[in-house]
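Reading through the structure tokens given below for one structure.
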Amino acid sequence: MKGGRDNAMGMASRPKPESGLELYAWIFMRVSGVVLLIMALTHLVIMHLINNIDVVSYEFVAKRYATPFWRTYDLVMLWLALIHGVNGSRTVLLDYVHRGGLRVVSLTALYVVGFIMLALGSLVILTFHPVS
Amino acid sequence: MSVKPQQYITYRGKAGQWSWLLHRVTGLGVLVFLLAHIVDTAMIGWGPGAYNAAMSLYRRPVFRAGEVLLAGAVLYHALNGVRIFIIDFWPETTTIHKKLVYAVAALFVAIYVPCAIYMLRWVAR
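Okay, here's the thing in structure tokens:
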């Protein structure tokens, strides 16, 4: 089934699952979405409007990561955005990939890539130590 | 049940369908960039040379144009996400769902157009 409540009227929102993991995933998408709205748009304004790609450099990041604030900010945003994105992709795969084997393979690939990227991103944020 | 190709991107037509499709496309697009962004940021572990080389790639015109598209994708996904949130947690708003779709479109244009022009100021240089 595509869309959700009052589908016949052309409205699109995923129907709220009854219980269990799917319900938590449904709630997570909405809660993380609101948090990401603030965090990601703030990130865009700071990095792409106030600053821009011409000023972003190693020294820029070193200065930014000298205090724990932006490291924490980026770590929280990374986890929320990546899990939000992986779960959204899971929804898309479940919609489009119906054959059993292919579904298992594509979902597994998604989770493996998601996990590796989450680990890599976290490692970078937590262990970065500027060269002097 | 067989599914026609066009049914993968359409269902009942009208405003909600296009919002749903755009939400998917922008969401997947932002995720692809996020994965690339994790890799480019990881270059910082190899020192200033590697990281600055990665950033100079982003200064190419095609990536600068992509940056503007990315900002649009994030903004649309965020605004339409608010619409979904409203519809889900206040179901009575389904009676004005078309107005909500138009509100998202209006807000998107009002915020995105000036930001995109500002981000594209390098073109005039």
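Line order of the protein sequences matches chains A and B. Read in our numbering, the first sequence has 121 at position 121, and its numbers run on one by one without any break. Read in our numbering, the second sequence has 252 at position 120, and its numbers run on one by one without any break. Ideal Cβ placement from N, Cα and C applies to all residues, glycine included. Since the model is a prediction, treat every value here as computed from it, not as a measurement.
Asked: The alpha helix (DSSP H) enclosing residue 69/A, as first and last residue numbers; Found: 68-96
Asked: Interface residues of chain A facing residue 206/B [CB-CB closer than 8 Å]; Found: 40, 41, 44
Asked: Members of the region 96-107 of chain A near chain B, C-beta cut-off 8 Å; Found: 96
Asked: Residue 57/A: contacting residues in chain B (beta-carbon distance under 9 Å); Found: 180, 183, 184, 187
Asked: Beta-carbon proximity of residue 229/B to residue 219/B, cut-off 8 Å; Found: yes
Asked: Neighbour flag for residue 37/A against chain B, beta carbons, 8 Å; Found: yes
Asked: Residue 115/A versus 58/A, 53/A, 81/A, residue with shortest Cα-Cα distance; Found: 81/A
Asked: Every unbroken alpha helix (DSSP H) inside the region 184-247 of chain B [4 residues or more]; Found: 193-221
Asked: Delimiting residues of the alpha helix (DSSP H) encompassing residue 45/A; Found: That residue, residue 45/A, is in no alpha helix (DSSP H); it is neither H nor E in DSSP.
Asked: Contact belief for residue 209/B with residue 148/B at Cβ below 8 Å, rounded distance in angstroms; Found: Actually they are not in contact, since the Cβ atoms of residue 209/B and residue 148/B sit about 16 Å apart, beyond 8 Å.
Asked: Whole-angstrom distance between residue 48/A and residue 42/A, CA atom to CA atom; Found: 10 Å
Asked: Beta carbon of residue 174/B nearer than 8 Å to that of residue 124/A; Found: yes
Asked: Identity of the residue in 176/B, 167/B, 240/B, 193/B nearest residue 257/B by Cα; Found: 193/B
Asked: Where the region 237-250 of chain B meets chain D: residues whose CB sits under 7 Å from a CB there; Found: The chain labelled as chain D is not found among the protein chains of the depicted structure, namely A and B.
Asked: Beta-carbon separation (whole angstroms), residue 106/A vs residue 93/A, contact threshold 8 Å; Found: 5 Å
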